[in-house]
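Just so you know, we're using my numbering here: the sequence shown kicks off at 4 and counts up by one.
Built from N, CA and C at the ideal position, the CB exists for glycine as well.
For reference, the structure discussed in these notes is given below.
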Amino acid sequence: MRSALRFLLPSAVGVFFFLTPIRVGEAWTIPLGALIDWANDALAEYLVSAVLVILTSSALLSPWFTWKGAPRGSLRERLFVVSPIWVALRVFAALLAWATVTKTGPELLWSEKTGGTVLDLASDILMIFFFAAFLLPFLTDFGLMELVGTFLRKVFRRVFRLPGRSAIDAMASWLAAAAVGILITSQQYENGFYSRREASVIATNFSIVSIPFALLIANVIGIGHLFFPYYATVGVAGLVCAWVVPRLPPLAQIPDSYVEGVGKQISEDVPDDVSLFRFGWRQASERAERAPGPKTLARISAANVLDIWFGLTPGVIAVGGLGLMIAEYTPVMRYLSYPLVPVLELLRIPEAAAAAPALLVGFLEMFLPAVIASGIESELTRFVVACMSIVQLIYMSEVGILLLKSPIPLRLGELAAIFLVRTAVALPVVAAIAHFVVF
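Below, the structure is given as structure tokens:
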């Protein structure tokens, strides 16, 4: 009974906050999302100041501790001892944030389309990860993933070549935020429940943006009245990508190795003499018995929050800001998108020349395609761009920088290649649905 309660009660808390749809006003969200929105509203006037304090501290302390060193294994080493490129990014992020707040320097630094956008995004990140880090153990550490993994192992192994427990990642991403899915995947990889290949596949194929954000994109681009066919198309194209993309390079070339010193900690194979439910329940109960106590969980979660705040936030500002400057103030994305124009024309997408840059600029920031394509006259084209901006999944202003900072060993070049592969796989699917089903 004790082990059952130790599994059921915390897991119920995790399911409630991460996987239970609730209606708030006119929108559907989850309790975690509602909690984050409430905190953002209550602390709105303080969040930018908090971001500035974090960025300035990171910019000052990172060069100092990287040069002088910090006690091995200490929190100071984890937060502030980084490579020279990350020191430079942290310093640049602080300068960009201060330039945005004070409107100092060239406009390309502090305009609403560049510095203003990433500063708002960084403010949102503070509360997302504060609550997600402290609540996530209820979802992952008390046996729920073992139980779900047991039931879904055959389907996920056969279709996606992944453990059944990865279904929790996908659901958390769709209902909460892509960042939450990546946080789950990173922790599962570090703890030996995913191999390097599995973690890479899950993070780049299942960490899709939440339903509320997808609705925001639909409204901005002008297809809010088509939300249900739009999100259904995203779901179909996303499943096709999740089946095809992991079987192609670069994901197919990543080895099934586990974190050194941790090894493989997962077993979803059911013995012949044990029922599926009994085995899943036993796995879940054993996992719950091994879960850390409240003090340990609080300490680990607090360290994770600080690591994200001081490590991820500067990356979002620096990399996202640079990407937006390139997209908004240079013709680079227009030139790079020229080869896409004949492809779009072949797929009978109207206004192909205007749509092509929107299909590439999403690598820098997911919201940019909606902004660029909102002026396109063809509703079909706007529908395709909106769907692709979600399905492409990897955007450097958040998901990309999260992955680069995470323990999952994916490099920038690999992320760019995966983005292009997802684009190539998803575009014909989205175009076909748009032509033959929606319009």
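Beta-carbon spacing of residue 148, residue 39 below 8 Å: no
Contacts around residue 282, its chain only, beta-carbon distance under 8 Å, and the 5 residues preceding and following it disregarded: 153, 273, 274
Residue 352 and residue 434 closer than 8 Å at C-beta: yes
CB contact flag (residue 392, residue 372, <8 Å): yes
C-beta contact flag for residue 302 and residue 260 at 8 Å: no
Buried versus exposed call for residue 331 [16 or more other C-beta atoms within 10 Å across all chains shown]: buried
Cross-strand partners of residue 25 (DSSP beta bridge): 32
Integer Cβ distance of residue 327 from residue 117, believed to fall under 8 Å: 4 Å
Alpha helix (DSSP H) segments (min. 4 residues) lying fully within the segment 274-316: 279-293, 297-310
Cβ-based neighbour list, residue 25, same chain, cut-off 8 Å, excluding 5 preceding and 5 following: 31, 32, 33, 34, 37
Distance CB(residue 450)-CB(residue 97) smaller than 8 Å: Because the chain here runs from 4 to 442, residue 450 falls outside it and cannot be looked at.
Candidates 205, 344, 62, of which the one nearest residue 173 by Cα: 205
Helix, strand or coil at residue 408 according to DSSP, with G and I counted as helix: helix
Contact under 8 Å by Cβ, residue 370 with residue 269: no
Residue 76 (DSSP reduced to helix, strand or coil): coil
Where the alpha helix (DSSP H) containing residue 231 begins and where it ends: 230-247
Same chain, Cβ closer than 6 Å to residue 348, five either side skipped, listed in chain order: 355
Integer Cβ distance of residue 249 from residue 163, believed to fall under 8 Å: 7 Å
C-beta atoms of residue 208 and residue 245 nearer than 8 Å: yes
Spatial neighbours of residue 119 in its chain, beta-carbon cut-off 8 Å, leaving aside the 5 residues before and after: 103, 113
Span separating the alpha-carbon of residue 335 from that of residue 398: 17 Å
Residue environment, residue 224, which counts as buried when at least 16 other CB atoms sit within 10 Å: buried
N-terminal and C-terminal residue of the alpha helix (DSSP H) that residue 419 is part of: 415-436
Exposed unless 16 or more other CB atoms sit within 10 angstroms - verdict on residue 408: buried
Neighbour-count burial assignment, residue 144, 16 or more Cβ in a 10 Å radius: buried
Whole alpha helix (DSSP H) elements within the segment 157-198, 4-residue minimum: 169-178, 181-193
Residue 68, enclosing alpha helix (DSSP H) - first and last residue: 47-71
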